[in-house]
């Protein structure tokens, strides 16, 4: 069932954009992760969110490969350009048949000047406008997430968590987002598209990257990530939805 849905998704994507013109693709800058700032919580810094809502035809599964395309081709250059002013940032991915739809987001902590610059860079990116013009993306929005004078560390964490987890979690998820973005770029460098590329070819490239990334997560994720995270916490058991205790 999954394989047939995947094939249908690829066919539908090709039909949807068969008549769209080519776009100019430049090599993405090399991503070298910078350390999160321990003094991130300062007056004048707020939480912000840039949202990309992708076109999601009815009766089709969401195509998460487009998230990778946006991450490397739109957001990676923005992150590289502004890393010195981004003490904390992360990606957020979701897809639901609701008002938010199939959405990929960059959430970050920064001052107003940096946020305005990032908003302008995202809006003016040729690929952003190209996706909107060709009805491949429904909407790009940008908003401040924390109304307080100081964007406290915990303001975009789950309020159901203990406060110490709320405040430390942004550092954890930034590292996870950096790891994911670096994996995307490492895999994307093989046969990377460059020059004039039509959207079906560009999307197919990132569908290939997405499939390889998912395969590596399924094969190595337990040991490379979950096991070593468990080791950091002293191999203590934890609850996994079913309420059974497990170790990794």
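In the numbering used here, the protein residues as written are 4 to 251.
Think of the CB as a built atom: it goes at the ideal place given N, C-alpha and C, for glycine as much as any other residue.
query, result
"Segment limits, beta strand (DSSP E) that includes residue 198", "198 to 200"
"Own chain, CB closer than 6 Å to residue 169, minus 5 neighbours either side, in chain order", "157, 160"
"Nearest neighbour of residue 58, chosen from 49, 69, 50, 51 [CA to CA]", "69"
"Cβ-based burial, residue 55 [other Cβ within 10 Å; buried from 16]", "buried"
"Of the listed residues 88, 107, 93, 125, nearest to residue 113 (C-alpha basis)", "88"
"Alpha-carbon to alpha-carbon, residue 250 and residue 32", "39 Å"
"DSSP state of residue 27 mapped onto helix, strand, coil", "strand"
"Counted within 10 angstroms of its Cβ, other Cβ atoms place residue 181 as buried (16 or more) or exposed", "buried"
"Residue 141 versus residue 85: straight-line alpha-carbon distance, rounded", "26 Å"
"Residues near residue 196 by beta carbon distance below 6 Å, same chain, minus five either side", "28, 205, 208"
"Candidates 43, 37, 39: closest to residue 155 by CA position", "43"
"Rounded separation between residue 184 and residue 71 - CA only", "8 Å"
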